[in-house]
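Chemist: Let me begin by handing over the structure; questions about it come next.
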Amino acid sequence: MKQPRKASRLFKKNDELMLQQSDVVLDSFLANKSLFAERFFDLADPFADQWAAASAIARAARPDFELVAEQSLESARLETLMKQGRNLFQTVMLYTQLAFPDNAAVLHLFGRPQYHSIRSSHLKLSVLLISTFTDASKPEYKPALIATGLKEQEIAQLDILAEKITLQNAALQNAKKNRMVATIERIAKMNTVWKKMALVCKCAKLVFQNDAAEYNLFLLADGQTRMAP
Numbered sequence: 002m003k004q005p006r007k008a009s010r011l012f013k014k015n016d017e018l019m020l021q022q023s024d025v026v027l028d029s030f031l032a033n034k035s036l037f038a039e040r041f042f043d044l045a046d047p048f049a050d051q052w053a054a055a056s057a058i059a060r061a062a063r064p065d066f067e068l069v070a071e072q073s074l075e076s077a078r079l080e081t082l083m084k085q086g087r088n089l090f091q092t093v094m095l096y097t098q099l100a101f102p103d104n105a106a107v108l109h110l111f112g113r114p115q116y117h118s119i120r121s122s123h124l125k126l127s128v129l130l131i132s133t134f135t136d137a138s139k140p141e142y143k144p145a146l147i148a149t150g151l152k153e154q155e156i157a158q159l160d161i162l163a164e165k166i167t168l169q170n171a172a173l174q175n176a177k178k179n180r181m182v183a184t185i186e187r188i189a190k191m192n193t194v195w196k197k198m199a200l201v202c203k204c205a206k207l208v209f210q211n212d213a214a215e216y217n218l219f220l221l222a223d224g225q226t227r228m229a230p
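Under the working numbering, the first residue of the sequence shown carries the number 2, and numbering increases by one thereafter.
The following block contains the structure:
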């Protein structure tokens, strides 16, 4: 699977502060638009409208905390299923020991020796549950297990839980991927706003070279931002 490309912000302050600064600078730009357009043709219309539109698009991007919350929810659901799977496997092992006392071969067949090393692996636990379900369902083992008190639905639940774990793990991986993609898209949108603001601030140095008060309205704080090359 092709990994999404990485993205880097062109600024160091958080997104909301950058957008707030952009709004302030845009207002100052609009008040002096003709002066900028006279010296820099690229800043003539529709530059201001494009800047405002880019800001609106960036502000509408989903914040990371929402995506983190969704990912955490999927992770919690998966861990709940994993816990259920572990508990069910241990239940089956208990009844296996009762039905086949001192029979290490059956315990090995049902996967007991490998359980502790794979109990935290979503993929491996799912595979183990399926394997245990398959063996526990065989006629040479199932009647003895049922006779000791293991319920048929508990055996069936091995297969059901294995599928649920697999599907929920896929949901978690999708949530992680969606967050990564959304982050890349959000950073790109923020960078678009930043570039427009940075361009205007750079041009303001010439436009207001004899007006320090106006020029100060277009200063980008040192140590908080970095100019795009």
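Just so you know, even glycine gets a beta-carbon here, dropped at the ideal spot from N, CA and C.
Roughly how many whole angstroms lie between the Cα atoms of A231 and Y96?
Modeler: Only positions 2 to 230 of the chain appear in this structure, which leaves residue 231 out of reach.
Chemist: Based on the DSSP output, what are the partners of A219 in its beta bridges?
Modeler: Counting from 1 along the sequence shown, the entry for residue 219 is found at position 218. Checking the sequence, you will find Phe at residue 219 rather than Ala. In DSSP, F219 forms no bridge with anything.
Chemist: Within 8 Å, do at least three Cβ pairs link the segment 96–111 to the segment 145–154?
Modeler: Enough Cβ pairs lie closer than 8 Å, so yes.
Chemist: In chain order, what residues of the same chain have a beta carbon less than 7 Å from the beta carbon of S132, not counting five sequence neighbours either side?
Modeler: Translated into positions along the sequence shown, residue 132 becomes position 131. Around S132: G112.
Chemist: Do you know how far the Cα of L220 is from the Cα of N175?
Modeler: Sequence index remark: in the sequence shown, residue 175 carries index 174 (1-based). Sequence index remark: in the sequence shown, residue 220 carries index 219 (1-based). For N175 and L220, the distance between alpha carbons rounds to 42 Å.
Chemist: D50 lies in the alpha helix (DSSP H); which residues open and close that run?
Modeler: Mapped onto the sequence shown, residue 50 falls at position 49. Counting along the chain, the alpha helix (DSSP H) containing D50 begins and ends at F48 to A61.
Chemist: Please state whether DSSP places N33 in a helix, a strand or coil.
Modeler: Numbered from its first residue, the sequence shown carries residue 33 at position 32. DSSP places N33 in coil when its eight states are reduced to three.
Chemist: Once the 5 residues before and after M198 are set aside, which same chain residues still bring their CB inside 6 Å of it?
Modeler: For the purposes of this step, residue 198 is taken as the residue at position 197 of the sequence shown. So the list reads S23 and V26, once near-sequence residues are dropped.
Chemist: Identify whether Q210 lies in helix, strand or coil by the three-state DSSP scheme.
Modeler: Stepping through the sequence shown from its first residue, residue 210 is reached at position 209. DSSP places Q210 in coil when its eight states are reduced to three.
Chemist: Any chance you could list the alpha helix (DSSP H) runs of at least 4 consecutive residues sitting entirely within the segment 135–178, in chain order?
Modeler: The qualifying runs are 143–148.
Chemist: Skipping 5 residues on each side, what residues in its chain have a beta carbon closer than 7 Å to that of L207?
Modeler: Numbered from its first residue, the sequence shown carries residue 207 at position 206. Answer for L207: R40, listed in chain order.
Chemist: Who are the Cβ neighbours of L89 in its own chain at under 7 Å, not counting the five residues just before and after it?
Modeler: As a working mapping, residue 89 is identified with position 88 in the sequence shown. Excluding residues within five positions, the ones whose Cβ falls inside 7 Å are E155, Q158, L159 and L162.
Chemist: Alpha carbon to alpha carbon, how far is A45 from F30?
Modeler: Position 44 of the sequence shown, counted from the start, is the residue given in the question as residue 45. Position 29 of the sequence shown, counted from the start, is the residue given in the question as residue 30. C-alpha separation (whole angstroms): 11 Å.
Chemist: For H109, count neighbouring Cβ atoms within 10 angstroms of its own Cβ and tell me buried if that reaches 16, exposed if not.
Modeler: Against the sequence shown, residue 109 aligns to sequence position 108. By the neighbour-count rule (16 or more Cβ atoms within 10 Å), H109 is not buried but exposed.
Chemist: Which residues in the same chain have their Cβ closer than 6 Å to the Cβ of E71, if we skip the five residues on either side of it in sequence?
Modeler: As a working note, residue 71 is residue 70 in the sequence shown. Excluding sequence neighbours, E71 sits near A176.
Chemist: Have a look at F48, K34, F37 and A59 and flag the residue whose alpha-carbon is nearest the alpha-carbon of K190.
Modeler: Locating residue 190 in the sequence shown gives position 189, where the first residue counts as 1. Taking only the C-alpha atoms, the option nearest K190 is A59.
Chemist: I need the boundaries of the alpha helix (DSSP H) containing S118, first residue and last residue.
Modeler: Stepping through the sequence shown from its first residue, residue 118 is reached at position 117. Where S118 is concerned, the enclosing alpha helix (DSSP H) stretches over R113 to I119.
Chemist: Can you find the residues in the same chain that come closer than 7 Å, C-beta to C-beta, to S136, ignoring five residues on each side of it along the sequence?
Modeler: Residue 136 sits at position 135 when you count from the first residue of the sequence shown. Here the sequence assigns Asp to residue 136, which means Ser is not the residue at that position. Excluding positions up to five away in sequence, the list reads L110, F111 and Y142.
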